[in-house]
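As structure tokens, the structure follows; a few thoughts come after it.
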Amino acid sequence: MEKYYITTAIAYASAKPHIGNTYEIVLADAIARYKRLKGFDVYFQTGTDEHGEKIEQKAFAAGKTPQEYVDDISKEIQRIWDIMNTSYDKFVRTTDVNHKEIVARIFQKLYQQGDIYLDKYEGWYCTPCESFWTDTQLVDGKCPDCGREVEKKSEESYFFRMSKYQDRLMEYIETHPEFIQPEARKNEMINNFLKPGLQDLCVSRTSFDWGIRVPFNDKHIVYVWIDALTNYITNIGYDVDGGNETFKKWWPADLHLVGKDIIRFHTIYWPILLMALDLPLPKQVFGHPWLLMNSDKMSKSKGNIMYADDLVELFAVDAVRYYLLHEIPFASDGTISYELLIERINSDLANILGNLVNRTIAMAQKYFAGEVLNENVKESLDDEYLMMINTLETRVEKHMAKLEIGLAIDEIFDTLRASNKYIDETMPWALAKDENLKKRLATVLYYLLEGIRNSAIFLEPFLPETSEKIFKQLGTTNKNIGFLRDLSYKLMDPEPLFMRLDMNKMLEQIEKSKEN
Ligand code: MSP
Numbered sequence: 001m002e003k004y005y006i007t008t009a010i011a012y013a014s015a016k017p018h019i020g021n022t023y024e025i026v027l028a029d030a031i032a033r034y035k036r037l038k039g040f041d042v043y044f045q046t047g048t049d050e051h052g053e054k055i056e057q058k059a060f061a062a063g064k065t066p067q068e069y070v071d072d073i074s075k076e077i078q079r080i081w082d083i084m085n086t087s088y089d090k091f092v093r094t095t096d097v098n099h100k101e102i103v104a105r106i107f108q109k110l111y112q113q114g115d116i117y118l119d120k121y122e123g124w125y126c127t128p129c130e131s132f133w134t135d136t137q138l139v140d141g142k143c144p145d146c147g148r149e150v151e152k153k154s155e156e157s158y159f160f161r162m163s164k165y166q167d168r169l170m171e172y173i174e175t176h177p178e179f180i181q182p183e184a185r186k187n188e189m190i191n192n193f194l195k196p197g198l199q200d201l202c203v204s205r206t207s208f209d210w211g212i213r214v215p216f217n218d219k220h221i222v223y224v225w226i227d228a229l230t231n232y233i234t235n236i237g238y239d240v241d242g243g244n245e246t247f248k249k250w251w252p253a254d255l256h257l258v259g260k261d262i263i264r265f266h267t268i269y270w271p272i273l274l275m276a277l278d279l280p281l282p283k284q285v286f287g288h289p290w291l292l293m294n295s296d297k298m299s300k301s302k303g304n305i306m307y308a309d310d311l312v313e314l315f316a317v318d319a320v321r322y323y324l325l326h327e328i329p330f331a332s333d334g335t336i337s338y339e340l341l342i343e344r345i346n347s348d349l350a351n352i353l354g355n356l357v358n359r360t361i362a363m364a365q366k367y368f369a370g371e372v373l374n375e376n377v378k379e380s381l382d383d384e385y386l387m388m389i390n391t392l393e394t395r396v397e398k399h400m401a402k403l404e405i406g407l408a409i410d411e412i413f414d415t416l417r418a419s420n421k422y423i424d425e426t427m428p429w430a431l432a433k434d435e436n437l438k439k440r441l442a443t444v445l446y447y448l449l450e451g452i453r454n455s456a457i458f459l460e461p462f463l464p465e466t467s468e469k470i471f472k473q474l475g476t477t478n479k480n481i482g483f484l485r486d487l488s489y490k491l492m493d494p495e496p497l498f499m500r501l502d503m504n505k506m507l508e509q510i511e512k513s514k515e516n
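Per our numbering, the very first residue in the sequence shown carries number 1; after that it's consecutive.
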């Protein structure tokens, strides 16, 4: 079986994640589930990034020790990942003893082989980003990443010789067009970072305590990004001697899924670190766009934050998953609002999907007491519909291969739309009036059930709970792909999958709940 190792970025254990931070785990989950469906041996890793000055400050402000603080937040993040029904295989934490020990050994190895050296640093420091900047990098005197105030700092630090690997990395990126995706992000990295030339990276801090200590100089804490990035290898059996069999099985990762803001860390610093460790590079780093709230960045101060758990309580998990997976474009930012969410639930989930399943099963119950066989009374108008069913797999794969999730979902919904159209064309209720057409009626319903069954197979990665409900109503566990000639359906009673929501009533309810 071909292996597939997929990771998300590990989330900062600094605050409860909002719906934007939750997008990535849902996206990764859809990809992981899809790969399992296609027969891959999948390993899906996520987790929390728990060290650093910002977290230390937050913990003290909350009257907790950093460890207590990250224990609570990490638990909360995992709870939300579970509410979203995500099927990760491992939830890692950078405070795990094993991870900390391996990071310390990696740091030592890189120091011993001369890739890391001690020097003095002077520059502008941004605490929230935990980054040093030079005069020319500042934008209007502020941090170029987050726009916040910076302070002048000078400290003794360890540095990583990035420049030594620059040409090798450039060549790798140029000869592996699939490595950085989407394409625009690759050009950004080449033009903004590699072409101007890489500076050596400051990889230790002395201004705070909460982190992994440099093993041979305990004044220093390992830079949080070195600590965080290595999670991708420390948790699958890597060690400085080369790692165990599990490591050899899973590494290199097939996909690092990360947000567009941290693509630089994953396509410049991380590959260089791996080159220094003499390890192969991940096959692909995909920088996904961001989810905005009414086209604005979500933030506590703007009061425009939505949380996944609240949304799931209001709309059910698959409605939220559907919105995230279908509405965020592949390469440009997406937006979320209650109105848009309700609109989508009504138009796609209730009308197209829910209605189709409900009326098909209701007709099969009414005309055949729920038992439907293929009577093979085929007509030429069926061909187009059968073709939709039989091409579904390749149509979905075409988009999934490029991680165009929204377009892959469109292919499934096109099949559902074709099913609704097929009902309008064949008019089962008219066939039911003529006893001589009973076998034709059974055939039509059988084709519809096959259309629904195949759609449910491919909905599983995106809407796992709904897919399961459909299979239950279909009364079958057969997940073989494509049109099957001789299933004997014994259906359950229809149960609505998604209710149509009254926009005004819902919005009123949401306003009220905000007041409480
Ligand atoms: N801890 C680092 C990642 C280290 S990976 C070795 C980090 N954490 S984060 O909590 O700030 O972000 C986690 C992920 O969520 C990142 O990939 C980030 O891009 C993503 N997102 C944060 N806000 C987002 C949206 N509003 N929309 C979509 N993704 C968002 O960065």
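Where a beta carbon is used, it is the ideal one built from N, C-alpha and C, also for glycine. Keep in mind it's a predicted model, so treat the numbers as computed, not measured.
First through last residue of the beta strand (DSSP E) which encompasses residue i
i: S154; result: E151 to F160
i: Q45; result: D41 to D49
i: L349; result: Run containing L349: none; DSSP gives neither H nor E here.
i: H256; result: L255 to G259
i: Y4; result: K3 to T8
i: G334; result: G334 to I336
i: F132; result: S131 to W133
Proximity test, residue i beta-carbon vs ligand 1 heavy atom, cut-off 8 Å
i: A228; result: yes
i: P545; result: Since the displayed the chain opens at 1 and closes at 516, residue 545 lies outside it and no answer follows.
i: G354; result: no
i: Y23; result: yes
i: V372; result: no
i: W251; result: no
i: I10; result: yes
i: W225; result: yes
i: I470; result: no
i: Y121; result: no
i: G20; result: yes
i: K297; result: yes
i: Y232; result: yes
i: W290; result: yes
i: H266; result: yes
i: D309; result: no
Close-in-space but distant-in-sequence residues of the same chain around residue i (CB under 8 Å, 5 per side omitted)
i: L386; result: Y447 and F483
i: K260; result: R185, G287, H288, P289 and W290
i: I55; result: Y12, A13, S14, P66, Y69, V70 and W210
i: L325; result: V26, L27, A30, I405, G406, I409 and F462
DSSP bridge partner residues for residue i (one or two, in chain order)
i: F91; result: T46
i: I180; result: V285
i: E371; result: K490
i: V103; result: Partner(s): none; V103 has no beta bridge.
i: D119; result: S157
i: A11; result: T48
i: R205; result: I221
i: Y550; result: The displayed coordinates of the chain run from 1 to 516. Any statement about residue 550 would go beyond what the structure contains.
Sequence-distant residues of its chain with Cβ nearer than 7 Å to residue i (five each side left out)
i: T466; result: D318, L459 and L497
The alpha helix (DSSP H) enclosing residue i, as first and last residue numbers
i: D414; result: I405 to T426
i: I190; result: Segment: none, I190 is in no alpha helix (DSSP H) and carries neither H nor E.
i: M530; result: This structure cannot speak to residue 530, because the chain is shown only from 1 to 516.
i: L273; result: W270 to A276
i: S74; result: P66 to I83
i: W225; result: V224 to L229
i: L292; result: Counting along the chain, L292 falls outside any alpha helix (DSSP H), though it belongs to the beta strand (DSSP E) covering L291 to M293.
i: D60; result: The sequence shown places Phe at residue 60, rather than the Asp named in the question. From DSSP, the alpha helix (DSSP H) with F60 extends over E53 to A61.
i: Q467; result: Residue identity check: residue 467 is Ser in the sequence provided, not Gln. Element bounds for S467: P464 to L474.
Beta-carbon proximity list for residue i, same chain, < 6 Å, skipping 5 on both sides
i: R395; result: E411
i: S154; result: E122
i: R161; result: D115 and D200
i: Y4; result: K35, F40, V42 and D254
i: L118; result: Y158
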